[in-house]
Amino acid sequence: MELGRAVSTAREIAEGVLAPEAAAVDAERRWPDKGMEALRTRLGGLVVPERFGGMGHGLLAVAQVGEATGRACASTSICFGMHLVASAVIAAKAGEKQGKRYLEPIAAGEHLTTLALSEPMTGGEFWLPQTRMERSGPGRLLLTGAKSFVTNAGHADSYVVSTVATGPGTPPGQFSCTVVDADTPGLVWGPDWEGFGMRGNASRGLELPGVEIPDWCLLGEEGDEIWYVFNVVAPYFLMAMAGTYLGVAAAALEEARVHLLRRRRARTGRSAAGLQVVQHRLGTMWARVERTRRLIYHAAAEAEIGGPEALPGLASAKAEVADAAEETVNDALTLVGGIGYGEHSPLHRMLRDARAAHVMSPVTDLLRVWTGRALLDEPLLTD
0 MELGRAVSTA REIAEGVLAP EAAAVDAERR WPDKGMEALR TRLGGLVVPE
50 RFGGMGHGLL AVAQVGEATG RACASTSICF GMHLVASAVI AAKAGEKQGK
100 RYLEPIAAGE HLTTLALSEP MTGGEFWLPQ TRMERSGPGR LLLTGAKSFV
150 TNAGHADSYV VSTVATGPGT PPGQFSCTVV DADTPGLVWG PDWEGFGMRG
200 NASRGLELPG VEIPDWCLLG EEGDEIWYVF NVVAPYFLMA MAGTYLGVAA
250 AALEEARVHL LRRRRARTGR SAAGLQVVQH RLGTMWARVE RTRRLIYHAA
300 AEAEIGGPEA LPGLASAKAE VADAAEETVN DALTLVGGIG YGEHSPLHRM
350 LRDARAAHVM SPVTDLLRVW TGRALLDEPL LTD
């Protein structure tokens, strides 16, 4: 499926399935099963290479599909975005067995995957896992540790898990990635997610109290985790996030625009759209959303060709869209007035969802630092 058709399909699903469910998903704090089924079935193989039956798209597709879905429901958009990120991670160095086991079913719309990287007590440094991996016998690996904020938790068919190797003779700091099937014995899930926003993403904790998996579930070679994080996880995650929150900002802008077009003053009968101060504010909002969109799409295109502005572009994209989404929803609330401030207004949900853009790692402040380091040719990670 060409990119234009994929984005059109995402818009169709967003309007027909995600939007009607968005308020209930938020109010009931439930995982968006209908929306995820539609997206998985029709677009699940978006970033899977064509040799495995996928569409073979990259970062720009993730951003554009994310914008389309984010306009309708940020929770669903992030859930699907994490599936796309994990799919890209599995595909990056997939062997034949991993291709058959995971990528072909993903491409066929029959398998949902996600990330399990964040951990308690590591702060935003998700690239430094403490979950231990050791050899437990011929062809077997033993995982022991805990993960936090696993999107799609309990609903995905597989999880990309980051680890650190332990055992006699193991070099320190050897981080690796594995895939863990959902039906692997011993997985222990934490309580349901009860967040301020993003209420439908099923972000739960996961305990691995000595969970055994076959060693062919190792992604790439032992010690490849840092490579995965900064060459695959970070670019795809940043674009999935940026696209989603661009969609939130665009939806808030449209909510304000439509409201102003239909609102008329009782005394004069004049439309609020005729007021200069309203025109100025809406014009400022449009420019903010559009320049953020241009940055995100430029960053995606630059990263796909390995251009010199890829790193500062990717880091700035999520930082900028976090500001843009929050500011645009706030401005929309001001323009819409008391109706928008009501609990059942879509702007109520958008504001709570938008705030998460600053919180999800890498956080905005760190991304600004990374941008500066990239521009100054300084190491991205320091002690």
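Numbered according to numbering that gives the first Met the number 0, the sequence shown terminates at residue 382, and the numbering increases by one at each position without gaps.
For each residue, glycine too, the CB sits at the ideal point set by N, CA and C.
None of the values given here were measured: they were computed from a predicted structure.
Confirm, please, whether the CB-CB distance from residue j to residue i is below 9 Å.
| i | j | result |
| --- | --- | --- |
| S202 | F148 | yes |
| A314 | Y244 | no |
| P128 | G144 | yes |
| E296 | A73 | Correcting the residue type first, residue 296 is Tyr in the shown sequence and not Glu. No; because the gap between Cβ atoms is not below 9 Å, this pair is not in contact. |
| A251 | A298 | no |
| V358 | R198 | no |
| G57 | H110 | no |
| D156 | P208 | no |
Nearest-angstrom Cα distance between residue i and residue j?
| i | j | result |
| --- | --- | --- |
| W188 | A321 | 30 Å |
| A265 | A271 | Residue confidence is low: A265 scores 47 on pLDDT, short of 50, so the model does not pin down where it sits. Its coordinate-derived value is still stated next. The alpha-carbon atoms of A265 and A271 are separated by roughly 11 Å. |
| V328 | L350 | 6 Å |
| L45 | L274 | 44 Å |
| T40 | A91 | 22 Å |
| D223 | P234 | 16 Å |
| V163 | A115 | 14 Å |
| T112 | H347 | 30 Å |
| Q173 | I77 | 30 Å |
| M54 | N230 | 20 Å |
| E342 | P361 | 30 Å |
| L379 | V159 | 24 Å |
| L83 | V6 | 14 Å |
| S175 | E221 | 5 Å |
| D330 | E289 | 15 Å |
| G52 | L38 | 16 Å |
| H258 | T333 | 12 Å |
| N200 | R269 | 43 Å |
Decide if residue i is buried, meaning its Cβ has at least 16 other Cβ atoms within 10 Å, or exposed.
| i | result |
| --- | --- |
| E66 | buried |
| E1 | exposed |
| E254 | buried |
| P190 | exposed |
| L294 | buried |
| L260 | exposed |
| T75 | buried |
| F195 | exposed |
| L205 | buried |
| T150 | buried |
Exercise for the section: Report yes or no: do the stretch 179-194 and the stretch 208-228 share at least 3 C-beta pairs separated by less than 8 Å? Expected result: Look at the beta carbons and you see the stretch 179-194 touching the stretch 208-228: at least three pairs across the two are nearer than 8 Å.
Practice task
Could you pull out every unbroken alpha helix (DSSP H) segment of at least 4 residues lying fully inside the stretch 110-183, listed in chain order?
Solution key: Restricting attention to alpha helix (DSSP H) runs no shorter than 4 residues, the stretch 110-183 encloses none.
Practice task
May I have a chain-ordered list of the beta strand (DSSP E) segments no shorter than 3 residues that lie completely inside the stretch 199-254?
Solution key: The stretch 199-254 contains these whole beta strand (DSSP E) runs: 203-213.
Practice task
Could you pull out every unbroken alpha helix (DSSP H) segment of at least 4 residues lying fully inside the stretch 261-348, listed in chain order?
Solution key: Fully enclosed alpha helix (DSSP H) runs of 4 or longer: 275-303, 309-335 and 337-340.
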